[in-house]
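Taken in sequence, the protein lines are chains A and B. Adding 269 to a residue's 1-based position in the first sequence gives its number in this note's numbering. Adding 269 to a residue's 1-based position in the second sequence gives its number in this note's numbering. Built from N, CA and C at the ideal position, the CB exists for glycine as well. Note sheet for the following structure.
2 protein chains.
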Amino acid sequence: MCKLLKTTIIGTGKVAKSLAGILCQKNMLYEVYGRNLDRALQIIPNNQVIKTTTSLDFSRSKSNAFIICVSDSSIAQVAQEIILPPQAILIHTSGAIDLDVLTNQKSNCAILYPIQTFTEKAIKTLENIPLLIEANNENTFRRVEKLAKSLSKRVFKTSQQERERLHIAAVFASNFTNRIIHAAQATLNHTNLPFDLLEPLIHQSINNALLQGAQKTLTGPAKRNDQITIDKHVSLLSLDPNIKALYQALTQYTLTTNQA
Amino acid sequence: MCKLLKTTIIGTGKVAKSLAGILCQKNMLYEVYGRNLDRALQIIPNNQVIKTTTSLDFSRSKSNAFIICVSDSSIAQVAQEIILPPQAILIHTSGAIDLDVLTNQKSNCAILYPIQTFTEKAIKTLENIPLLIEANNENTFRRVEKLAKSLSKRVFKTSQQERERLHIAAVFASNFTNRIIHAAQATLNHTNLPFDLLEPLIHQSINNALLQGAQKTLTGPAKRNDQITIDKHVSLLSLDPNIKALYQALTQYTLTTNQA
C-alpha cells in the first residue's frame with residue numbers, strides 16, 4: 270500500500286480551480302503554482318493555508334504528485350521546465366494530449382482525465398465523475414489510481430487509443446450539445462417566444478436517449494423520412510446560412526443512421 | 270365563460286396514448302377513435318369506461334373538441350372525412366402542419382402543439398409542458414385556451430410564423446440532441462469503455478448552456494481554434510465517414526458562431 274499523495278497544482282484556470290477546492294477539502298493539496306501569485310491565491314478556498322509559488326523548481330518540495338492544469342498548448346513546455354523531487358509523478362488532465370509529451374521529459378508520468386466540462390464556477394465534487402488513468406509504468410498507475418479513487422467512485426484504466434476515442438465522444442457530448450442548444454436558441458431569435466419553452470423538451474429528449482437508447486427514442490421529420498417538412502425547414506432557414514448548413518448535416522446523419 | 274370541453278381523440282399512437290391518459294384523469298375524455306378498435310381500447314387507462322369507435326361520423330357525438338393525433342401525412346385526410354357535430358372544434362397537435370389543412374374543411378379549427386417528445390411510455394402530466402395554440406377565430410381560440418390551461422401552466426398563442434420557427438428549434442432541441450448522443454455512443458463502439466461514462470458530462474453541459482447561456486459555457490477544440498486537435502480527431506474518424514462528416518459540420522458551425 271502506498272500513502273495518499275500530497276499534490277501540487279500547476280495552473281490557475283478552470284480545471285485548476287475546481288481541483289484545488291476538491292483536493293483542499295480532502296486535505297490533499299500541498300501547493301499551487303501560478304505564473305501570477307495573486308491568481309494562485311485566488312483558486313485556494315478561503316481560510317486554507319496552502320503554499321503558493323511562481324517557480325517550477327520543485328526539487329525541495331514535499332509534494333509527490335504534480336498535476337498540470339494549464340492549457341493544452343502549454344503542457345509540453347511545463348513538462349520540460351519543471352524540476353521534480355525524486356520519485357514524484359508528473360500528471361496532466363487533458364483528454365487531447367498524449368502521454369509522451371510528459372514521458373519525453375520525466376520518468377513517472379500519468380494522465381488523469383476527468384470526463385467533465387469545467388467553467389469558472391468551481392465543481393464541488395468529482396464523486397460521480399469518471400476519471401480515466403493512463404500511466405507509463407505499473408507503480409505510477411497504482412499511485413495515481415489511489416489518488417483518483419479518493420476523489421471518484423468511477424475510476425478507469427485506459428489505453429491511448431481508448432482515451433483518444435473518448436475525447437472525440439466527449440466533444441460530441443459536451444461541446445456539440447452546447448452548439449445544438451445555441452442553434453435552437455438562434456432559431457427562436459426571430460420570434461417573440463421565450464427560449465425556455467424548449468427546456469422540458471431538451472431534458473426529456475436527453476433522458477429518453479440515455480435511459481431507453483438513442484436509436485429507439487429518435488423522432489422527427491428525418492426519422493420519418495418526411496422530405497416535405499425537411500424541405501420546408503431548409504427553405505425557412507434560407508436567411509440563416511449557418512443554421513441551415515447545420516440542419517442539413519444533422520438531417521443527413523439522421524437519414525443515414527436511421528437506415529443502418 | 271365557456272364550459273370545459275369534452276374531447277374525442279382521433280388516433281392511437283404515442284401522442285394519443287399520453288393525451289388519453291391525461292384527459293381521462295381530468296374527466297375530460299369522452300371517446301377515442303381508432304381504425305382498429307383493439308388499439309383504441311389499449312390507449313384508455315385501466316378501469317376507465319370510455320366510448321370507442323371506428324367511424325369518423327361524429328354527427329351525434331356529445332363531444333365538442335376533436336383532437337387529431339394521427340401521423341402528419343394523414344391529418345388532411347382525417348379533416349376531410351370527419352363529420353363533426355354543430356359548433357365542435359377540430360384540433361391537430363402537430364408543429365409541422367399548417368392550420369389551413371383543417372380550415373379548408375371545417376369552420377372552427379385550431380392547432381394545440383405540445384412542445385414535448387412522446388414515446389411509447391405515456392407521459393403522466395403536461396403541467397410544465399408549453400402548449401402553443403393557433404386558431405382560426407377568437408371564440409375557438411378562447412375555448413382551446415381553456416382546454417389547454419386545464420392541462421398546462423404554460424399556454425402561448427402563436428402565429429403560423431412563430432410556430433414554424435419553433436418547430437425547427439424543436440427539431441434541434443429534440444431530434445438532433447438525440448443524434449449527437451448517438452454519434453458519441455457510436456464513437457465509443459470501438460472501445461471497451463461503457464457509454465454511461467458520458468452521462469455526467471452531457472447533463473452538466475446541457476445545464477451549463479440552459480442556466481448560464483450556450484455562448485458563455487462553450488468549451489472544446491473548436492472554441493479554442495485548436496486546429497491540431499481538430500485535425501487529429503478528423504483523422505481518427507477516417508473509418509467512420511458519417512461521424513466524421515457530422516464532426517466537421519459541427520466544428521464549422523462552432524468556428525463561425527464563436528467569431529460572431
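Between the alpha carbons of A/Q294 and A/Q311 lies a distance of about 16 Å. If you draw a straight line from the Cα of A/T498 to the Cα of B/A345, it is about 15 Å long. Proximity of chain B to A/L479 at the Cβ level (cut-off 8 Å) is accounted for by I450, D465, E468, I471, in chain order.
Close to chain B, meaning a Cβ-Cβ distance shorter than 7 Å, are the following residues of the segment 375-398 of chain A: I384, Q385, T386, T388, N397, I398.
At a cut-off of 9 Å between beta-carbon atoms, B/S342 makes contact with chain A. Against chain B, the CB of A/H361 has no partner CB under 9 Å away; the residue lies outside that interface. For a Cβ distance threshold of 8 Å, residue set N444 of chain B lies close to A/K492, ordered along the chain.
No Cβ-Cβ contact shorter than 9 Å links B/I291 with B/L400. Near chain B, meaning a CB-to-CB distance below 8 Å, the residues of the segment 412-435 of chain A are R423, F425, T427, Q430, E431, E433, R434, L435.
Closest in alpha carbon position to B/L371, among B/L506, B/T394, B/D500, B/D341, is B/D341.
Short of 6 Å from the beta carbon of B/I398, and not among the five residues preceding or following it, lie these beta carbons of its own chain, in chain order: P383, Q385, S421. Under DSSP, the beta-bridge partners assigned to B/F335 are B/T277, B/L359. Pairing B/D509 with B/Y522, the inter-Cα distance amounts to about 20 Å. In this structure B/K275 is not in contact with B/N316, their Cβ atoms being roughly 20 Å apart against a cut-off of 8 Å. Beta-bridge partners assigned by DSSP to A/D326: A/I352. DSSP places A/I366 in the coil class of the three-state scheme, outside both helix and strand. For B/V440, at least one C-beta of chain A is nearer than 9 Å to its own C-beta. Counting C-beta atoms within 10 angstroms of its own C-beta, A/V347 has 16 or more neighbours from the protein chains shown and is therefore classed as buried. Contact check for B/S474 against B/T456 fails: the beta carbons are separated by 9 Å or more. Here A/R304 is exposed: its Cβ has fewer than 16 other Cβ atoms, across all protein chains shown, within 10 Å. The C-alpha of A/T446 is placed about 12 Å away from the C-alpha of B/Y516. When the beta-carbon positions are compared, B/L298 and B/I279 stay at least 9 Å from each other. Any Cβ of chain B closer than 9 Å to the Cβ of A/L288 would place that residue at the interface, and such an atom is absent. Below the 8 Å Cβ cutoff, chain B contributes E431 as neighbours of A/N461, in chain order. Going by DSSP, B/E403 is part of the beta strand (DSSP E) stretching over 400-404. Taken atom to atom, the span from the alpha-carbon of B/L353 to that of A/I449 is near 42 Å. B/F425 is bridged by DSSP to B/L401. By the 16-neighbour rule on beta-carbons within 10 angstroms, B/R329 is exposed. The Cβ-Cβ distance between A/N461 and B/T488 does not fall below 9 Å. Residue A/L505 holds the alpha-carbon nearest to the alpha-carbon of B/Q429 among A/T277, A/L505, A/V318, A/A453.
Flagged as an interface residue toward chain A: B/Q454, by a C-beta distance shorter than 9 Å. Interface criterion not met: the Cβ of A/T372 is under 9 Å from no Cβ in chain B.
The beta carbon of A/L508 does not come within 9 Å of any beta carbon belonging to chain B, so the residue lies off that interface.
Using a Cβ distance threshold of 9 Å, B/C378 and B/I402 do not count as a contacting pair.
Taking B/E431 as the centre and dropping the five residues before and after it, the same chain places no C-beta closer than 6 Å to its C-beta. Sequence-distant partners of B/F335 (beyond 5 residues in either direction) whose C-beta falls short of 8 Å from its own C-beta, in its chain, are T276, T277, I279, F327, I351, L353, A357, I358, L359, I360.
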